Every structure is written in structure tokens, then in C-alpha cells.
Amino acid sequence: MKLLSRQLNILTLMHEDLVPPASIEGLDEKDIQPWKMEYDVSITLEQELHHKVTPLGIYGDLGELADALDRVQPDIVFNMMEEFDGHGPYDQHLVSFLELRRVRYTGCNPRGLTLARDKALSKKILAYHRLPVPAFAVFAPGRKVRRPPKLAFPLLVKSLYEEGSVGIARASVVRDDAALAERVELIHRQTHTPAIAEEYIEGREIYVGVTGNERLQTSTPLELVLEHLPEGAPNIATSRLKWDYAHQRKMGMLTRPAELAAEQSRHLAQLAKRIYRALYLSGYARLDFRLAADGRFFLLEANPNPCLSFGEDFAEAMHLSGAGYPALLDRILRLGLNYRGVL
Ligand SMILES: Nc1ncnc2c1ncn2[C@@H]1O[C@H](COP(=O)(O)OP(=O)(O)O)[C@@H](O)[C@H]1O
Ligand SMILES: [Mg+2]
């Protein structure tokens, strides 16, 4: 792959607590982990792709971003913000601001971020296109939990907006109305967001990376495997599994290329592209699927701007499909430069 031949002036935009130090000498894996993506991206843009990189860490002050844009006059903003002012759903507004300033940026556009964030709204759109999603119901805080009679158990209860499996444990898979009400209330209490209860899709968990604006590329599908899962426990990505390394080891967690029949792989790639388009995504995203025993895939959620750490699921999936890490970041830059908006 031919890399971008000209040097770009890049503003790398990140959370103020995650601006990596100039050197990682003497630090161990645990120290580096919180800002590993920011570090991997910055170093690769600068040292492997030879761009001019100015880091900017912000929290909730848009003025700091406006000042940096004036000062740096970047060709493109490399967007690694996953929230603004402590709120995840504000990520879309930050990108809207960049669009209004006519500044190019990497990753997903505001409309795609908005649609994918809401796990019910995105499924409503996909259902319209007859794309396979679990049946669901949404429960607002402060209302009595009444299950629509057609929504059958088992269900999985989670937050409508949160990421990182916040509030998801094995007990999130519920089998009766009492457990449903209990779990819904726990989501309200813990996250202050509405809860969504989805039909629980028993089966394999499979992730697919997608990059592109118009012409899309899909990655090798990866499967989440839990080699030492206790008998009868659901094979779901709980918050403990995502964040507790000792627990990951205990469960024998790994992700590896999913063994799928050639026909199934082709179908999954087509499905991933149709979902990406239906949700107006751009840049890059990781789609989380379940594969049921009868061979049907269901989309659980679309993650625009997934973690870009070297060796993490998304970069690893792209790597297996032939795009090494610098080539992946180069493609993400090109897509940002070429994105022409939704109007
Ligand atoms: N409808 C469902 N059926 C089966 N498992 C589910 C379902 N919804 C969520 N899960 C499990 O919970 C995990 C986290 O849910 P997800 O919707 O991807 O939220 P997050 O944004 O926190 O990653 C999934 O990776 C999967 O293991
Ligand atoms: Mg997920």
C-alpha cells in the first residue's frame, strides 16, 4: 500500500488525562494502559508516517480547541475523544464543531455517532432495512417496568447509551419479570440512563472491523473465546471481563479469527457493510455480532471510532486482513481528508 506522500500538519485531539508522556522508559504495562491508544497513534503518525504532530488534551472547554485550531492550522484533526465534559453522547457535538469550522477530522461523522450511540434507535433503523437485530424494549427511569408481552425471555439488560459493558454482569441475563425489574432498576441507579432489555442471543460472539466512507473494507472476523467459562455461565463480555486482567486470565479469554464457512464469511462481510451504511457511519468502526446456533447473525451494536491501540481487537482484525498498523492509520487519515460530509 502506498502511504500518503505529503507530510501533514496533524492536531491529535484527546482527553486531557490521556496525553502520553514523551518517553515511556521505566513505565510498565499497567502505567501505559490508560493512554496506550493515544501513545501508539501519536508515535506512529510521527515516527513511522513522518507527519508533524501537535497533541492537544481537552476536557470540557471548547475554547481550548478553538485556540489550538487557530494556532496550529492543522490539515486534519486526529480525533481520539470519546466524550466531552464527562459525557459520552457529547462526542458527536465535538465533531459537529469541527465540521462547522470546516476542519477535516478522522473517524466518524456526527450523524453516525448519534445513531450508533443509541442502542434502540440504531436497531429501529436496521429493522426498517430488514437487517437482523434482537427484539428489545426500552425502560425509562422512574417508570414501572412493564414488559411488552411479545418480548420473550431470556433477555439481556444493559444501558441504552453507555459503553464498556457498564452495568453488564452474568446476572444481566434475566429469565423472569422480577429479575428484569431488578436489573433495569440497577441500570437506572448505576448509570442514570434508560435501560434496554434485548432478546438474549445465545451463541458465538463475533467482531468485524469496517473502514471507509463510500467504498468499504471489512476485516477478518474475530471471535471472543472464553476457554475456562464455568458450566452454564453465559459467554458475554461483562464489564469485569473487559477491565479486570486477572479475571480475563481466569476465564481463558482470547480473541482469534472466527472459524466460519466461506459462505458465512461472505454473508457477514455483506451484512457489516449494509449496517455501516444504514447507520451513516464513516471513517472506521467495529461491529459487535452474535452468531446464533441456527446460523443467523444478529448485530448487538456498532462502535464508531473504536479503540485504536496496537494489538487491540480492531487494529488486530485489520492487521490480519493485511493492513499493518501504520497502513491502517494512513487509511484513516486519507478517509478523514476525503470525507465530504452528509449534505
Ligand atoms: N442481545 C444480546 N444477546 C447476547 N449478548 C448480549 C446482548 N447484548 C449484549 N450482550 C453481551 O454484552 C456485551 C456488551 O454489550 P454491548 O451492547 O456490546 O455494549 P457495550 O457498548 O458496553 O460494549 C456484548 O459484547 C455481549 O457479550
Ligand atoms: Mg460492545
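Quick note: the sequence shown uses the numbering used here, first residue 104, plus one each step. Note that the Cβ used here is the ideal one computed from N, Cα and C, for glycine as well. As the structure is a computational prediction, the values presented were derived from the model and not from experiment.
- Unbroken beta strand (DSSP E) runs of no fewer than 3 residues, entirely contained in the stretch 228–252, are found at 239–242, following chain order.
- Here the distance from the Cβ of Y303 to the nearest heavy atom of ligand 1 is below 7 Å.
- With respect to K345, I299 sits apart: the two C-beta atoms are not nearer than 8 Å.
- For E404, the uninterrupted beta strand (DSSP E) run begins and ends at F400 to P407, by DSSP.
- Residue state for M140 is assigned as helix, using DSSP reduced to three classes.
- In the structure shown, the three-state DSSP call for Y428 is helix.
- Between N182 and N316, the C-beta gap is not smaller than 8 Å, which leaves the two residues out of contact.
- The shortest C-alpha to C-alpha distance from R174 to any of K353, D164, L148 and T157 is the one to T157.
- Less than 8 Å divides the Cβ of R389 from the Cβ of D416.
- Boundaries for E419: no beta strand (DSSP E) harbours it, while the alpha helix (DSSP H) harbouring it runs D416 to L423, taken from the DSSP string.
- Put simply, the stretch 319–332 does not touch the stretch 287–296. Fewer than three CB pairs are less than 8 Å apart.
- Inter-residue distance for I228 and V248 is about 24 Å (C-alpha atoms, whole angstroms).
- Within the chosen limit of 7 Å, ligand 1 does not reach the beta carbon of R389 with any heavy atom.
- Ligand 2 has a heavy atom closer than 7 Å to the beta-carbon of L403.
- Ligand 1 never approaches R359 closely enough for any of its heavy atoms to be under 7 Å from the residue's Cβ.
- Following the DSSP letters along the chain, one finds M354 in no beta strand (DSSP E) but inside the alpha helix (DSSP H) bounded by residues Y348 to M354.
- For H118, the uninterrupted beta strand (DSSP E) segment begins and ends at N112 to H118.
- S145 is classed as buried because its beta carbon has at least 16 other beta carbons within 10 Å across all chains shown.
- Annotation for D131: no alpha helix (DSSP H) segment contains it, and DSSP assigns it neither H nor E.
- Look at N406: its beta carbon is less than 7 Å from one of the heavy atoms in ligand 2.
- Distance from the Cα of Y162 is smallest, within the candidate group I127, Y264, V122 and Q176, for V122.
- By alpha-carbon distance to A396, the top candidate from N406, Q367 and M140 is Q367.
- Close CB contacts of T323 within its chain, under the 7 Å cut and outside five residues either way in sequence, are with P360, A420, L423 and S424 (chain order).
- A residue is called buried once 16 or more other Cβ atoms fall within 10 Å of its Cβ, and P407 is buried on that count.
- Within the DSSP bridge table, the entry for S262 names A298 as partners.
- In this structure, ligand 1 has a non-hydrogen atom nearer than 7 Å to the beta-carbon of E308.
- Within the same chain, Cβ atoms closer than 7 Å to the Cβ of L319 are found at V313, K376 and Y379, the five residues on either side in sequence being excluded.
- With respect to the 8 Å criterion, L107 and R443 are not classified as neighbours on the basis of their beta carbons.
- In the three-state reduction of the DSSP assignment, N182 falls in the strand class, which pools E and B.
- A straight-line Cα-Cα distance of about 7 Å links K222 and E404.
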